[in-house]
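*Asks:* Each residue of the sequence shown is one higher than the one before, counting from -2 in our numbering.
Pasting a structure below so you can have a look.
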Amino acid sequence: MRVGSNPARLVQEVAQPAEITVTVVNCIPFLSGYYEQSLEVLKAVVESLNDSREEDHPFDVMIFDNHSCADVRSYLQSAEEQGKIQYLVLSDKNIGKIGAWNYMFGAAQGKYVVFADGDIYFRPGWLSASLDLISSFPKVGMVTARPLRTPGKYSQATFLWGQQQGEGVYQEGKFLDWDVYLEHTDSIGITREIARKDYENDRDHLLTFQGHCAYIGATHFQFLTRKDVLAKIMPLPSEQPMRGERAFDIAVDALGYLRLCTEKPLVMHMGNRLPAGLTPSPPPRRKHPGLKRVAHLPGVRNVLLWLYNQIFQIFFHDVD
């Protein structure tokens, strides 16, 4: 039985979603080993998003948490209460990155949708630079807010478009600065020796159109797209926690959309460790040089690494 009238009937209007929805997927099952600094990395993601907000381009932040540990969820709930996150989804099981995509891209209300992994740092100007490219170039499907050398086979439509334009639109050569290239390869664990060799041997592919420059290619760890593009591609099959993202790249290319990167590095992949300059001062820890020497003995080291791997597998499968 209802007594009285619902006060909500007196409300004449409701808040409207922003034209841009920034989506982030996160999974931190525990805070040790590989994930020791992951909560600090996630905090850097959320803070950098809010610090880089632009008055002309308001956006909502949506975070999908794939069954992280209690400390991570507590932080996310606190950030939501502070207004740093507009939509927070706490999944009671790990449905994988593609599963999170299927949920978030379907739920996002913005005309434009941004995606980022839970270890991407946003620099000021990343959004306006991305929007400039998506509005200046024709039929853009993905824009990543940093220059990267990505596999050309996933950007065949972009190459074809560039090569069919007049003189000066498409250029091949070495345009990417070494420091910009190195920032990304360092973050994904490529040695500097290999990175230097690849940098010297590979070439960049640059497009100049209507006064805007863009590198050919994009990456699924961070990109901006349009909701109508997503409607043609999603949902995708979700079978493994961290596999299948290439299906999105392939679909964007197959539909004839351009895949582009901004000229400047406006986002940064951090990985599982905070970059220099963002690293907080760790609390003092007692040193155990004798224990460390024992742990590095060949036989002991192998056993400890095997045990660590087994523990990791137990925790990992437990959150699937």
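Each residue gets a CB set at the ideal place from its N, CA and C atoms; glycine is no exception.
Whole angstroms is fine: what's the gap from V300's alpha carbon to H202's?
*Replies:* In a straight line, the C-alpha of V300 is about 47 Å away from that of H202.
*Asks:* Does G107 come out as helix, strand or coil in the three-state DSSP assignment?
*Replies:* If DSSP states are grouped into helix, strand and coil, G107 belongs with coil.
*Asks:* Assess contact between the stretch 128 to 141 and the stretch 165 to 172, defined as three or more Cβ pairs (one per stretch) separated by less than 8 Å. Is contact present?
*Replies:* No, they do not touch.
*Asks:* For a quick check, are the C-beta atoms of A97 and V42 less than 7 Å apart?
*Replies:* It is not a contact, given that the beta carbons lie outside the stated cut-off.
*Asks:* Shortest alpha-carbon distance to D53 belongs to which of I17, L257 and D176?
*Replies:* That would be I17, whose Cα lies nearest to the Cα of D53.
*Asks:* Short check: CB of F245 to CB of T141, under 7 Å?
*Replies:* No; because the gap between Cβ atoms is not below 7 Å, this pair is not in contact.
*Asks:* Tell me where the beta strand (DSSP E) around S29 begins and ends.
*Replies:* Counting along the chain, S29 falls outside any beta strand (DSSP E), and DSSP gives it neither H nor E.
*Asks:* Would you call the stretch 45 to 62 and the stretch 73 to 92 in contact, with 3 or more CB pairs under 8 Å?
*Replies:* Counting Cβ pairs under 8 Å, three or more are found: they touch.
*Asks:* DSSP state of G296, grouped into three classes?
*Replies:* Here G296 sits in helix by DSSP.
*Asks:* Report the option in E37, D68, P148 and A12 whose CA atom is closest to the CA atom of Q83.
*Replies:* The residue with the shortest Cα to Cα distance from Q83 is A12.
*Asks:* Within this structure, are the beta carbons of E77 and L87 separated by less than 7 Å?
*Replies:* No.
*Asks:* Tell me the DSSP secondary structure of Q162 in three-state form.
*Replies:* Three-state result, Q162: coil.
*Asks:* For A192, which residues in the same chain have their Cβ closer than 8 Å to its Cβ, ignoring the five residues on either side in sequence?
*Replies:* So the list reads Y178, L179, T182 and D183, once near-sequence residues are dropped.
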